[in-house]
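*Asks:* Numbering (the UniProt record's numbering), first residue to last: 1 to 681.
By construction, the Cβ of each residue, glycine as well, lies at the ideal position given by its N, Cα and C atoms.
From a predicted model like this one, the values you see are computed outputs, not experimental measurements.
Supplied in structure tokens, the structure appears directly below.
Shown next as structure tokens:
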């Protein structure tokens, strides 16, 4: 299978770490640790070191969800019923029991057999509690069986689905791996320490749960200073601690964002920076994880929604509504909103519902809910005005019909028009919906979003993303313009969008971004040069080599994801390091056996090494997993052609065309085979 016949399919993937943060309220004895003397002024001191001077804050923290994010499994922390009970769901019967004071679950393992697993840690508290067990290679896995703390019963994550051991989402696989999916947001100063070549972890943390220093930063220097003569003499006003009463909005949001956003990580080892995208890549409201108007669809947490809101743009921050140490709301009901809004908004003259009822609660209309993880009800934080008229036109949800689910969107739209008049205040939602369609009507609306100064930056970035899928000269020019945006997310999305166009159309404009001040932008730029044919001209630039090394660090740090392994393999393929590329393609398939496009890339590399027997093994695996995939048969046809088995190649070409593949390449190759067969006959 030569280069003449095969293309290596490069998969563009930004890895999003799915955070599983469970919320929890009640005190236990976890933090009652003996006080230790502070002997150095660097590093982490532990939450116990804060209690002596900050008793009230410490007591509030003990009531918080953070306090019970992760704990050792014992009689005080485990909430589930382990009194030798069984639970059957989705073809699996699990038994929960205790032995020698320890907690165990007998359930299906990675090979489809049943065996006992010891519970070593609890995860969360309310409305559900999950459990962890240890595996080889430093890995810990999260059981599918979870305890419903609200109804006091066992239940399954992904209820109703039979998930075989070969599936990525099976509890023994990467989709439920603690080190990869959960750990950074349930412990303090978590260091994943993933070894990409061995696929092992040496994960460490300074405090098991989410402690004071998760938000305030390492405390030893602060403690040392507060006990020093410099503090007593008032020599310095620097308390060497992060966050306080007057912390700016950006600083506070950057602290909360890593665990309350759907995002990827730029590197395993974070650096101190005011720019969030030096360490993380927050997701934007695109239609595979949000509704087309920006409302939360998938498990996207709070940050991406909040950045869309008017609250964010008038400098509201998390602690305006949430107490910083307990995490609870500052006030209940509409009083929370009336801290800023006039009392008239809480009357029936505004809500057209009876006062002091759930229907007249601000949250009911402006913070609709969705349920995640089986029973965790969460509010949308974009604080949008309900728009049943958009539901009627485009099928997006609205808060009115969430309650009045026996009525139509038209009925709700007419009610809104009757109460508030025909006109709706300007909002980005409709333009974003039309832009998401990426059709002939989209370009004008996306341009409107980019030229309107009132458009939130996160929506501008989303508009740029959609423009990358519209292949016209105008869309190209609009994207190129955003390379100069002051917003890092918008620049980042512009770089990625340009990767959909031939590099000669923008190479000169892109080169300066190899030295962009933000790391995520630099690595995206390096990726675009690497993935296109023009990159060799740029490798002589020192800025390219520096950005390439950052990109390599990025892809290797994400290689514990299945698609991350595939991305690493793509990278080494670009560099011509076939052996490493094969290693990571095989790793990706081992982690997620459904990744058939990876099998095709792997078969290509084996063919390039002259190992067609292995190439055929991989292609037959691909055929078994996806017998209706035309691309698989096309690759088989090409390999058969190379091996001069033209009759077999003809059959594979015909099968690919039968399954819908009918482009110029396959027709040309098919006709060539037919001609060869006819000549032989």
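Helix, strand or coil for residue 454 per DSSP?
*Replies:* Looking up residue 454 in the chain shown gives position 454. Residue 454 falls in the coil class under three-state DSSP.
*Asks:* If you reduce the DSSP assignment to three classes, tell me which class residue 273 lands in.
*Replies:* The residue you call residue 273 lines up with position 273 of the chain shown. If DSSP states are grouped into helix, strand and coil, residue 273 belongs with coil.
*Asks:* I'd like the span of the alpha helix (DSSP H) that includes residue 181, first residue to last.
*Replies:* Taking the chain shown and counting its residues from 1, one reaches residue 181 at position 181. From DSSP, the alpha helix (DSSP H) with residue 181 extends over 178-181.
*Asks:* Judging by CA-CA distance, which residue of 141, 649 and 378 is the nearest neighbour of residue 667?
*Replies:* As a working mapping, residue 667 is identified with position 667 in the chain shown. Nearest option by C-alpha distance: 649.
*Asks:* Going along the chain, which residues of its own chain have a beta-carbon closer than 6 Å to the beta-carbon of residue 487, five neighbours each way excluded?
*Replies:* Translated into positions along the chain shown, residue 487 becomes position 487. Cβ within range, chain order: 457.
*Asks:* Okay, do the region 541-549 and the region 250-270 touch, 3+ Cβ pairs below 8 Å being the bar?
*Replies:* As far as the Cβ criterion goes, the region 541-549 does not touch the region 250-270, which means the pair count is below three.
*Asks:* Taking all protein chains shown into account, do 16 or more other C-beta atoms lie within 10 angstroms of the C-beta of residue 221, making it buried, or fewer, making it exposed?
*Replies:* Walking along the chain shown from the start, residue 221 turns up at place 221. Its Cβ being crowded by 16 or more others within 10 Å, residue 221 is buried.
*Asks:* Less than 8 Å between the C-beta atoms of residue 301 and residue 261, yes or no?
*Replies:* Start at 1 with the first residue of the chain shown, and residue 301 comes out as number 301. Start at 1 with the first residue of the chain shown, and residue 261 comes out as number 261. Against a cut-off of 8 Å, the Cβ pair of residue 261 and residue 301 comes out as a contact.
*Asks:* With distance defined between alpha-carbon atoms, name the residue in 218, 472, 90 and 142 nearest to residue 272.
*Replies:* Start at 1 with the first residue of the chain shown, and residue 272 comes out as number 272. Comparing Cα positions, the closest option is 218.
*Asks:* Quick check on this structure: which residue in 58, 165 and 154 has the alpha carbon closest to the alpha carbon of residue 79?
*Replies:* The residue given as residue 79 occupies position 79 in the chain shown. Cα-wise, what sits closest to residue 79 is 154.
*Asks:* Where do the ends of the alpha helix (DSSP H) carrying residue 88 lie?
*Replies:* Numbered from 1 along the chain shown, position 88 holds the residue referred to as residue 88. Premise fails: residue 88 lies in the beta strand (DSSP E), 85-89, not in any alpha helix (DSSP H).
*Asks:* Among residues of its own chain, excluding the 5 on either side of residue 298, which ones have a beta-carbon nearer than 6 Å to its beta-carbon?
*Replies:* In the chain shown, the residue the question calls residue 298 occupies position 298. Result list for residue 298: 289, in chain order.
*Asks:* Are the region 183-191 and the region 200-211 in contact at 8 Å, needing three or more beta carbon pairs?
*Replies:* Because the criterion of three Cβ pairs below 8 Å is met, the region 183-191 and the region 200-211 touch.
*Asks:* Go to residue 155, then tell me how far its beta strand (DSSP E) extends in each direction, as first and last residue.
*Replies:* Counting from 1 along the chain shown, the entry for residue 155 is found at position 155. Segment 153-156, the beta strand (DSSP E) holding residue 155.
*Asks:* Under 8 Å between the Cβ atoms of residue 497 and residue 467?
*Replies:* Here residue 497 refers to the residue found at position 497 when the chain shown is read from its first residue. Here residue 467 refers to the residue found at position 467 when the chain shown is read from its first residue. Contact: yes.
*Asks:* Which residues in the same chain as residue 365 place their Cβ atom closer than 6 Å to its Cβ, once the five residues preceding and following it in sequence are excluded?
*Replies:* Residue numbering aside, residue 365 sits at position 365 when the chain shown is read from its first letter. Here the set comprises 386 and 399.
*Asks:* Please check the pair residue 516 and residue 491, which I expect to be a contact at CB under 8 Å, by giving their CB distance rounded to whole angstroms.
*Replies:* Counted from its first residue, the chain shown places residue 516 at position 516. Counted from its first residue, the chain shown places residue 491 at position 491. Yes, residue 516 and residue 491 are in contact; Cβ-Cβ is about 7 Å, under 8 Å.
*Asks:* Pull up the distance between the alpha-carbon of residue 76 and that of residue 446, whole angstroms please.
*Replies:* Position 76 of the chain shown, counted from the start, is the residue given in the question as residue 76. Position 446 of the chain shown, counted from the start, is the residue given in the question as residue 446. Straight-line Cα distance between these residues: approximately 55 Å.
*Asks:* Verify whether the separation of the beta carbon atoms of residue 104 and residue 119 is less than 8 Å.
*Replies:* On the chain shown, residue 104 is found 104 positions in, with the first residue counted as 1. On the chain shown, residue 119 is found 119 positions in, with the first residue counted as 1. For residue 104 and residue 119, yes; Cβs fall inside 8 Å.
*Asks:* Using a threshold of 8 Å, state whether the C-beta atoms of residue 319 and residue 252 are closer than that.
*Replies:* In the chain shown, counting from the first residue as 1, residue 319 sits at position 319. In the chain shown, counting from the first residue as 1, residue 252 sits at position 252. Their beta carbons are under 8 Å apart, which means residue 319 touches residue 252 by this criterion.
*Asks:* With three or more beta-carbon pairs closer than 8 Å as the criterion, would you say the region 590-600 touches the region 626-637?
*Replies:* Counting Cβ pairs under 8 Å, three or more are found: they touch.
*Asks:* Going by Cα to Cα distance, which pick from 280, 275, 276 and 274 is closest to residue 268?
*Replies:* To locate residue 268, count along the chain shown from 1; it is residue 268. When each option's Cα is compared against that of residue 268, the closest is 280.
*Asks:* Count the other C-beta atoms from every protein chain shown that fall within 10 angstroms of the C-beta of residue 377, then say buried if there are 16 or more, exposed otherwise.
*Replies:* In the chain shown, counting from the first residue as 1, residue 377 sits at position 377. Its Cβ having fewer than 16 others within 10 Å, residue 377 is exposed.
*Asks:* Counting C-beta neighbours from all protein chains within 10 Å, is the total for residue 163 16 or more, i.e. buried, or is it exposed?
*Replies:* Taking the first residue of the chain shown as position 1, residue 163 is located at position 163. Residue 163 should be labelled buried.
*Asks:* Between which residues of its own chain and residue 557 is the CB-CB distance below 6 Å, once the five residues before and five after are set aside?
*Replies:* Within the chain shown, numbered from 1, the residue matching residue 557 stands at position 557. Result list for residue 557: 267 and 268, in chain order.
*Asks:* Alpha carbon to alpha carbon, what distance is there between residue 663 and residue 418?
*Replies:* Here the question's residue 418 lines up with position 418 in the chain shown. Here the question's residue 663 lines up with position 663 in the chain shown. Approximately 54 Å between the Cα atoms of the pair.
*Asks:* Could you please give me the residues that DSSP links to residue 296 through a beta bridge?
*Replies:* The count along the chain shown starts at 1 and reaches residue 296 at position 296. In the DSSP output, where bridge partners are listed per residue, residue 296 has 290.
*Asks:* Apart from the five residues on each side of it in sequence, which residues of its chain come closer than 6 Å, Cβ to Cβ, to residue 270?
*Replies:* Counting from one through the chain shown, the residue named residue 270 turns up at place 270. Only 279 meet the Cβ criterion.
*Asks:* Considering only C-alpha positions, which residue in the set 560, 530 and 562 is nearest to residue 550?
*Replies:* Taking the first residue of the chain shown as 1, we reach residue 550 at position 550. When each option's Cα is compared against that of residue 550, the closest is 530.
*Asks:* Quick check on the DSSP output: what are the complete alpha helix (DSSP H) runs of length 4 or more inside the region 361-414, in order along the chain?
*Replies:* Fully enclosed alpha helix (DSSP H) runs of 4 or longer: 362-366, 388-394 and 399-403.
*Asks:* With H, G and I counted as helix, E and B as strand and the rest as coil, what does DSSP make of residue 615?
*Replies:* Here residue 615 corresponds to residue number 615 of the chain shown, with the count starting at 1. Of the three classes helix, strand and coil, the one that applies to residue 615 here is helix, per DSSP.
*Asks:* Going residue by residue through the region 456-507, where are the continuous alpha helix (DSSP H) segments of at least 4 residues, counting only ones entirely within it?
*Replies:* Taking only runs of at least 4 residues, the alpha helix (DSSP H) segments lying wholly in the region 456-507 are 457-467, 473-481 and 488-498.
*Asks:* State the start and end residues of the unbroken beta strand (DSSP E) segment that holds residue 121.
*Replies:* Walking along the chain shown from the start, residue 121 turns up at place 121. Segment 121-123, the beta strand (DSSP E) holding residue 121.
*Asks:* Cα-Cα, which of 293, 295 and 304 is closest to residue 282?
*Replies:* As a first step, residue 282 must be located in the chain shown, where it is residue number 282. When each option's Cα is compared against that of residue 282, the closest is 304.
*Asks:* If you measure from the CB of residue 307, is any heavy atom of the ligand HEM nearer than 7 Å?
*Replies:* In terms of ligand content, the structure shown is empty, and the ligand HEM therefore cannot be addressed.
*Asks:* Grouping DSSP H, G and I as helix and E and B as strand, with all else coil, what is residue 171?
*Replies:* The residue given as residue 171 occupies position 171 in the chain shown. If DSSP states are grouped into helix, strand and coil, residue 171 belongs with coil.
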